[in-house]
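Here you go:
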């Protein structure tokens with residue numbers, strides 16, 4: 109069955125404000141021919157106008173009412189974007205470092221492949237401040253934009269990494285820490301978005317392992333092995349390999365700031 113979209117021509121809802129900066133419109137559609145939410149949204153986007161009464165699409169709300177039958181409502185409104193505020197903190201992050209960039213030895217001690225603080229055969233390392241920036245963006249939105257569906261989307265995106273360049277930062281360099289906000293009864297919703305920025309590293313060397321590439325929020329850890337140093341006849345730690353792991357999901361953030 110092909111997908112068909114029917115507009116509710118006699119349905120229109122909305123709000124007109126005194127200044128016109130908070131006007132909203134709500135139009136209804138019926139969609140048949142599929143049980144896939146993504147297909148419904150795509151079909152309605154093709155059928156519906158991107159603007160209505162000078163307002164832009166804010167949200168699309170599909171609700172399945174039967175087998176291959178959906179009621180869909182489109183909310184139009186005017187976004188308020190000029191009041192964006194930005195704050196940041198470059199105090200860095202603390203991380204346990206297990207290897208250094210170089211090694212200088214004094215006395216009869218075996219080389220350790222730059223392993224740090226090796227005690228009783230264990231690489232203890234130490235806590236170091238590393239480059240990093242936390243920043244927040246505070247945005248005022250039109251009431252029609254901040255729906256339950258949008259808040260659920262923010263919840264789902266928390267803890268993910270940006271798939272594409274975002275807010276001037278490279279792809280996969282930002283970790284979304286979540287959002288906070290609220291709304292006064294007579295005002296527009298205000299949401300603050302929190303991010304952790306990191307840097308991609310290329311051609312890193314750990315021990316004798318070279319050419320290591322690590323993206324901002326990947327986890328890196330070396331495989332330390334023990335061997336006997338031929339000069340001192342003592343056990344030393346040697347890097348035999350390095351692992352780089354993805355530990356956060358990469359996600360599409362285009363709906364976070366859809367303008």
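Residue numbers (this note's numbering): 109 to 367.
From the three backbone atoms N, C-alpha and C, an ideal C-beta is built for every residue, glycine too.
In this text, all values refer to a predicted model and were calculated from it rather than measured experimentally.
### Query
Tell me the DSSP bridge mates of residue 183?
Sequence index remark: in the chain shown, residue 183 carries index 75 (1-based). 134, 167.
### Given 8 Å, three or more beta-carbon pairs between the stretch 153 to 171 and the stretch 261 to 279
Contact between the stretch 153 to 171 and the stretch 261 to 279 is absent: fewer than 3 CB-CB pairs across the two stretches fall below 8 Å.
### Message
Considering just the uninterrupted stretch of the alpha helix (DSSP H) at residue 155, what are its terminal residues?
### Response
Your numbering for residue 155 matches position 47 in the chain shown. Per DSSP, residue 155 belongs to the alpha helix (DSSP H) from 145 to 155.
#### Entry: Sheet register partners of residue 362 (DSSP bridge)
The residue you call residue 362 lines up with position 254 of the chain shown. In DSSP, residue 362 forms no bridge with anything.
### Task
Mind listing, in chain order, the continuous beta strand (DSSP E) runs of no fewer than 3 residues lying wholly within the stretch 292 to 338?
298 to 305, 309 to 314, 317 to 322, 327 to 336
### Query
Applying the criterion that 16 or more other CB atoms from any shown protein chain within 10 Å of the CB defines a buried residue, is residue 212 buried or exposed?
Here residue 212 refers to the residue found at position 104 when the chain shown is read from its first residue. The residue in question, residue 212, is exposed, as its Cβ has fewer than 16 Cβ neighbours within 10 Å.
### Task
Could you tell me which residues DSSP puts in a beta bridge with residue 226?
For the purposes of this step, residue 226 is taken as the residue at position 118 of the chain shown. Per DSSP, 231.
### Query
When you compare only the Cα positions, how much space is there between residue 354 and residue 298?
Walking along the chain shown from the start, residue 354 turns up at place 246. Walking along the chain shown from the start, residue 298 turns up at place 190. It is roughly 33 Å from the alpha-carbon of residue 354 to the alpha-carbon of residue 298.
### Query
Terminal residues of the continuous alpha helix (DSSP H) containing residue 197?
Position 89 of the chain shown, counted from the first residue, corresponds to residue 197. In this chain, residue 197 is not harboured by any alpha helix (DSSP H); it is covered by the beta strand (DSSP E) spanning 193 to 197.
### Query
Around the Cβ of residue 323, are there at least 16 other Cβ atoms within 10 angstroms (buried) or fewer (exposed)?
Along the chain shown, one-based indexing puts residue 323 at 215. The residue in question, residue 323, is buried, as its Cβ has 16 or more Cβ neighbours within 10 Å.
### Task
Give every residue of the same chain whose Cβ lies closer than 7 Å to the Cβ of residue 356, excluding the five residues on either side of it in the sequence, and list them in chain order.
Taking the chain shown and counting its residues from 1, the one referred to as residue 356 is at position 248. Once the five neighbours on either side are set aside, the close Cβ partners of residue 356 are 267, 268, 269, 283, 325.
### Task
Can you check the stretch 228 to 287 for any alpha helix (DSSP H) of at least 4 residues that lies completely inside it and give the ranges in chain order?
256 to 265
### Task
Reducing DSSP to helix, strand and coil, say where residue 190 ends up.
Walking along the chain shown from the start, residue 190 turns up at place 82. Reliability fails at residue 190, whose pLDDT of 48 lies under 50, so the model's placement of it is uncertain and no value is given.
### Task
Determine the contact status of residue 133 and residue 115, defining contact as a CB-CB distance below 8 Å.
As a working mapping, residue 133 is identified with position 25 in the chain shown. As a working mapping, residue 115 is identified with position 7 in the chain shown. No.
### Message
Using a 10 Å radius around the Cβ and a threshold of 16 neighbouring Cβ atoms, would you call residue 256 buried or exposed?
### Response
One-based indexing of the chain shown puts residue 256 at position 148. Exposed, by the Cβ-count rule.
### Task
Assign residue 239 to one of two classes, buried (16 or more other C-beta atoms within 10 Å of its C-beta) or exposed (fewer than that).
Stepping through the chain shown from its first residue, residue 239 is reached at position 131. Exposed is the call here.
### Query
When the Cα of residue 198 is compared with those of 304, 339, 111, which residue comes out closest?
Translated into the one-based positions of the chain shown, residue 198 becomes position 90. Cα-wise, what sits closest to residue 198 is 304.
### Task
Give the range of the beta strand (DSSP E) segment to which residue 352 is assigned.
Within the chain shown, the letter at position 244 stands for residue 352. 343 to 353 is the span of the beta strand (DSSP E), which, as asked, contains residue 352.
### Task
With a threshold of 16 other CB atoms inside 10 Å of the CB of residue 192, please say whether the residue is buried or exposed.
Working through the chain shown from its first residue, we reach residue 192 at position 84. Residue 192 should be labelled exposed.
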